[in-house]
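This report refers to the structure that appears directly beneath it.
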Amino acid sequence: MFHAIRTPGRMRDQLKDMQTRLREIAAAFLERPDALFFIGWEMTPDEKETRPFFARNPRQAQRLVWNDLCHPNPASYLPRLRDREGMIGVAVKGCDARALRELIRANQIERKNLFVLGIPCTGLVDPNTGAIASRCAECQYPVDFDYDETLGPMETPALTVERSAPDLDAMSLQQRRAFWKQELDKCIRCDACRKICYGCYCPECIFEMSDPKWATNRGDLADKIFYHAVRAYHLAGRCVGCDECARACPMGVRLDLLNRSLRDHAKEMFSFDGAGITDEKPLLRTFSTEDPDPFFGGDE
Amino acid sequence: MTVIGYMKRSALEGVLGDISDKLEVIAPLPSGDKGAVELRRFEKGAQVSIGPVKPMLPLKTIFLPPVEQIFRFSKSENETTVTASTPITRDRVVFGALGCDIAALALIDEVFLREPVDEAYRERRTRTTIVALACEGQGPECFCASVGIDPVRPGGADVVMIPVKDGFIVETITKKGEQLGTMLQGALRDPTGPQKKTARSFTSTSRSDVDLSAPAGGWSAVWESEAWEDASARCIGCGICTVVCPTCHCFDVHDERHGNGGERFRKWDSCMAVNFTMMAHGENPRPQHRARVRQRYMHKLVYFPENHGAVACVGCGRCAVACPNRTGIGEVADRMREREEDSNE
Ligand code: SF4
Ligand code: SF4
Ligand code: SF4
Ligand code: SF4
Numbered sequence: 043m044f045h046a047i048r049t050p051g052r053m054r055d056q057l058k059d060m061q062t063r064l065r066e067i068a069a070a071f072l073e074r075p076d077a078l079f080f081i082g083w084e085m086t087p088d089e090k091e092t093r094p095f096f097a098r099n100p101r102q103a104q105r106l107v108w109n110d111l112c113h114p115n116p117a118s119y120l121p122r123l124r125d126r127e128g129m130i131g132v133a134v135k136g137c138d139a140r141a142l143r144e145l146i147r148a149n150q151i152e153r154k155n156l157f158v159l160g161i162p163c164t165g166l167v168d169p170n171t172g173a174i175a176s177r178c179a180e181c182q183y184p185v186d187f188d189y190d191e192t193l194g195p196m197e198t199p200a201l202t203v204e205r206s207a208p209d210l211d212a213m214s215l216q217q218r219r220a221f222w223k224q225e226l227d228k229c230i231r232c233d234a235c236r237k238i239c240y241g242c243y244c245p246e247c248i249f250e251m252s253d254p255k256w257a258t259n260r261g262d263l264a265d266k267i268f269y270h271a272v273r274a275y276h277l278a279g280r281c282v283g284c285d286e287c288a289r290a291c292p293m294g295v296r297l298d299l300l301n302r303s304l305r306d307h308a309k310e311m312f313s314f315d316g317a318g319i320t321d322e323k324p325l326l327r328t329f330s331t332e333d334p335d336p337f338f339g340g341d342e
Numbered sequence: 090m091t092v093i094g095y096m097k098r099s100a101l102e103g104v105l106g107d108i109s110d111k112l113e114v115i116a117p118l119p120s121g122d123k124g125a126v127e128l129r130r131f132e133k134g135a136q137v138s139i140g141p142v143k144p145m146l147p148l149k150t151i152f153l154p155p156v157e158q159i160f161r162f163s164k165s166e167n168e169t170t171v172t173a174s175t176p177i178t179r180d181r182v183v184f185g186a187l188g189c190d191i192a193a194l195a196l197i198d199e200v201f202l203r204e205p206v207d208e209a210y211r212e213r214r215t216r217t218t219i220v221a222l223a224c225e226g227q228g229p230e231c232f233c234a235s236v237g238i239d240p241v242r243p244g245g246a247d248v249v250m251i252p253v254k255d256g257f258i259v260e261t262i263t264k265k266g267e268q269l270g271t272m273l274q275g276a277l278r279d280p281t282g283p284q285k286k287t288a289r290s291f292t293s294t295s296r297s298d299v300d301l302s303a304p305a306g307g308w309s310a311v312w313e314s315e316a317w318e319d320a321s322a323r324c325i326g327c328g329i330c331t332v333v334c335p336t337c338h339c340f341d342v343h344d345e346r347h348g349n350g351g352e353r354f355r356k357w358d359s360c361m362a363v364n365f366t367m368m369a370h371g372e373n374p375r376p377q378h379r380a381r382v383r384q385r386y387m388h389k390l391v392y393f394p395e396n397h398g399a400v401a402c403v404g405c406g407r408c409a410v411a412c413p414n415r416t417g418i419g420e421v422a423d424r425m426r427e428r429e430e431d432s433n434e
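Protein chains in written order, with this note's numbering: chain Y, 43 to 342; chain H, 90 to 434.
Right, dumping it as structure tokens:
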């Protein structure tokens with residue numbers, strides 16, 4: 043069941059072997075008396091995509107898949123499961139592992155309650171275009187984590203690093219403003235981008251509060267911009283670039299570009315190398331008098 | 090039902106342009122660059138995108154807008170002024186509406202046109218003529234035929250346009266439809282025998298095998314079932330399924346103040362949202378995720394039929410398409426009937 047157009051045959055066989063191993067490992071984990079479930083992926087009913095799957099017993103583990111369509115980030119379910127008693131198994135590819143690292147360091151889930159299977163990811167395919175997913179083409183990070191098991195050596199993906207268009211930094215301020223106005227106006231404020239994000243685990247989001255009421259509910263462009271600015275900044279230095287928000291958006295808002303520019307700026311301005319990659323302090327928890335301050339006309 | 094003539098596809102935009110001098114015209118127009126369509130006001134010169142794409146947001150948006158002002162208020166030194174808002178200013182016509190969406194209006198009518206009547210909704214309904222596009226099935230997700238809807242000549246349409254080669258056979262169904270028919274006259278020709286035949290035999294690919302029936306022992310038998318745990322495991326609670334659903338109609342009322350004035354408006358709400366049931370005193374009677382998921386399906390499959398005599402699903406399949414996990418109502422009903430351990434939906 044592989045629908046990749048780009049993944050060549052040799053690699054497809056490799057993926058299939060990995061899938062067999064994944065099922066074996068998950069089934070063995072689910073034999074444990076303290077195992078609750080194993081979170082991985084299964085095919086969607088139309089077999090064209092994958093979706094998260096909670097396998098609860100060794101038989102269900104046979105429904106798990108690993109292929110180049112495994113976009114969902116299983117780690118994003120962990121914060122809401124933190125109070126369950128027992129062990130949770132979770133399969134993680136690179137971006138998922140980065141999210142998991144961040145969750146553990148932010149005390150959203152305890153390492154000791156997890157069984158983590160690391161997957162050496164070679165890049166996923168966009169089910170709509172058949173081309174390699176843009177975030178994967180840009181991914182240059184090793185997936186460093188203390189895995190319980192892995193499906194092979196966890197190496198840095200050897201992909202050509204090519205930046206997907208459009209390059210917002212090449213636009214003038216006016217062009218960029220027009221681009222974002224048009225883009226964010228598509229938003230219908232369903233908040234799927236927030237609900238799917240591994241990093242949006244606040245027990246009460248400011249957009250859900252009615253007393254005090256921080257944001258209006260009018261739904262005009264100003265509200266949409268406010269929502270997206272807050273969402274993006276709350277994820278600055280924490281966004282791991284899994285692009286789940288962009289995938290979940292029913293209106294096709296290019297949140298991937300918004301997040302990418304925040305990651306770029308964190309790197310350019312504060313030499314911060316991306317969430318879930320190093321054990322540096324989180325970007326928004328550090329302050330230095332040397333920090334650049336171009337916004338207020340300070341030194342560059 | 091009367092066949093009033095054949096209209097060329099190429100004449101459509103011109104006709105809509107002429108009609109827009111007299112009525113507000115709403116039609117499926119291209120949206121964005123990915124081939125999506127959106128029901129929006131048609132302006133002269135625009136290109137209509139009739140079939141084969143279903144608009145992501147259903148026809149209900151025209152009658153029950155996502156955000157709708159009820160009144161404005163302002164306060165001066167010793168006077169408070171309240172100005173009621175006008176729901177619509179002109180009579181309207183919607184072109185290219187689909188059977189599922191039109192059938193859904195009849196369900197929403199049950200709620201909004203019963204006493205106490207929702208006046209804004211009623212005004213929009215009575216002042217809008219609905220021109221259906223006979224639907225050949227817009228995608229693999231379509232299953233309106235499973236819930237008793239005729240996608241070709243849907244009940245509730247005033248006019249039906251049936252696609253034939255290079256154009257449509259136009260049939261009028263209601264009085265309102267006949268009035269609109271007179272505005273179309275200039276663009277109509279006498280249909281040929283083969284055109285009439287194609288129109289008569291027009292069929293849809295909508296699936297008729299999706300089963301929304303109750304589990305053995307009825308839905309009450311699964312109220313506490315562990316299967317809801319499975320059904321809600323992968324759901325992220327985003328509520329997109331309720332946003333895109335043509336029959337979902339819940340809203341919340343908000344007052345917002347700006348300086349010395351402000352407005353009251355209503356806005357779509359969703360049973361999948363945490364604070365949908367949040368009370369002013371801070372108590373939430375439906376705090377668990379699985380209870381919210383259960384509510385969505387129970388409302389559609391149990392409470393609505395009990396109160397209004399029909400399942401609140403018209404088989405458009407949008408929920409399965411728009412859900413980040415591709416969870417559709419048919420799949421959930423299947424799983425709840427199976428209720429076996431192997432479910433994870
Ligand atoms: S998922 Fe898309 S439409 Fe929904 S709130 Fe986020 S950007 Fe807006
Ligand atoms: S903001 Fe989007 S890309 Fe970043 S971690 Fe959250 S879901 Fe992933
Ligand atoms: S429940 Fe799903 S298939 Fe049924 S009417 Fe709503 S969106 Fe369409
Ligand atoms: S769209 Fe899917 S994930 Fe979102 S609330 Fe509905 S069922 Fe859950």
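Cβ coordinates follow ideal geometry from the N, Cα and C atoms, glycine included.
Measuring from the CB of residue i, is there a heavy atom of ligand 2 at a distance below 7 Å?
i, result
"Leu277(Y)", "yes"
"Val259(H)", "no"
"Phe269(Y)", "Reading off the sequence shown, one finds Tyr at residue 269(Y), where the question assumed Phe. No."
Alpha carbon to alpha carbon, what distance is there between residue j and residue i?
i, j, result
"Thr331(Y)", "Ala308(Y)", "16 Å"
"Cys287(Y)", "Cys334(H)", "21 Å"
"Gln136(H)", "Ile108(H)", "15 Å"
"Lys58(Y)", "Val107(Y)", "9 Å"
"Arg379(H)", "Glu191(Y)", "32 Å"
"Asp285(Y)", "Glu168(H)", "52 Å"
"Met387(H)", "Cys327(H)", "18 Å"
"Cys343(Y)", "Asp265(Y)", "The structure shown has nothing for residue 343(Y), since chain Y only spans 43 to 342."
"Asp180(H)", "Pro117(H)", "18 Å"
"Glu144(Y)", "Arg161(H)", "46 Å"
"Arg305(Y)", "Gly261(Y)", "27 Å"
"Thr359(H)", "Ser99(H)", "Here residue 359(H) turns out to be Ser, not Thr, going by the sequence shown. The alpha-carbon atoms of Ser359(H) and Ser99(H) are separated by roughly 41 Å."
"Met53(Y)", "Ile262(H)", "59 Å"
"Ile319(Y)", "Gly279(Y)", "11 Å"
"Leu269(H)", "Ile139(H)", "19 Å"
"Met293(Y)", "Pro75(Y)", "43 Å"
"Asn109(Y)", "Asp138(Y)", "15 Å"
"Asn433(H)", "Leu159(Y)", "Legend: pLDDT at Asn433(H) = 48, less than 50; position of this residue unreliable, value from coordinates given subsequently. The alpha-carbon atoms of Asn433(H) and Leu159(Y) are separated by roughly 21 Å."
"Glu246(Y)", "Arg216(H)", "42 Å"
Would you say residue i touches ligand 1, meaning its beta carbon is less than 7 Å from a heavy atom?
i, result
"Pro292(Y)", "yes"
"Asp285(Y)", "no"
"Asp333(Y)", "no"
Determine the chain H residues that contact residue i at a beta-carbon separation under 8 Å, and present them in chain order.
i, result
"Ser252(Y)", "Asn364 and Met367"
"Pro324(Y)", "Within chain H, no residue comes near Pro324(Y); the closest Cβ sits about 24 Å away, beyond 8 Å."
I'd like to know whether the C-beta of residue i is nearer than 8 Å to at least one C-beta of chain H.
i, result
"Glu91(Y)", "yes"
"Ala234(Y)", "yes"
"Thr86(Y)", "yes"
"Arg260(Y)", "yes"
"Arg289(Y)", "yes"
"Ile174(Y)", "no"
"Ile267(Y)", "no"
"Pro169(Y)", "no"
In chain Y, which residues lie less than 8 Å from residue i when you measure between Cβ atoms?
i, result
"Ala411(H)", "Pro292"
"Arg415(H)", "Thr86, Pro87, Asp88, Glu91 and Arg93"
"Pro155(H)", "Ile230 and Gly261"
Closer than 7 Å to a non-hydrogen atom of ligand 3 - does that hold for the CB of residue i?
i, result
"Val142(H)", "no"
Does the beta-carbon of residue i, which I'm using as the reference point, lie nearer than 7 Å to any heavy atom of ligand 4?
i, result
"Ile230(Y)", "no"
"Pro119(H)", "no"
Quick check: is the beta carbon of residue i nearer than 8 Å to any beta carbon in chain Y?
i, result
"Ala316(H)", "no"
"Lys356(H)", "yes"
"His338(H)", "no"
"His370(H)", "no"
"Glu132(H)", "no"
List the residues of chain A whose Cβ lies closer than 9 Å to the Cβ of residue i, in chain order.
i, result
"Gly121(H)", "The chain inventory of the structure shown lacks chain A, comprising the protein chains Y and H."
Along chain H, which residues have their Cβ under 7 Å away from the Cβ of residue i?
i, result
"Lys237(Y)", "Ile325, Gly326 and Cys327"
Give the interface partners of residue i over in chain Y, defined as CB-CB distance under 7 Å, in chain order.
i, result
"Met272(H)", "Ordered by position in chain Y, no residue passes the 7 Å Cβ test against Met272(H), which lies about 33 Å from the chain."
Pick out the complete beta strand (DSSP E) segments inside the region 126-168 of chain Y, 3 residues or longer, and give them in chain order. Runs found: 129-134 and 156-160.
As an exercise, report each continuous beta strand (DSSP E) stretch of at least 3 residues that is fully enclosed by the region 61-101 of chain Y, in chain order. Taking only runs of at least 3 residues, the beta strand (DSSP E) segments lying wholly in the region 61-101 of chain Y are 77-85 and 92-97.
Which residues have a Cβ closer than 6 Å to any heavy atom of ligand 6, listed in chain order? Ligand 6 is absent from the structure shown, which contains only ligand 1, ligand 2, ligand 3 and ligand 4.
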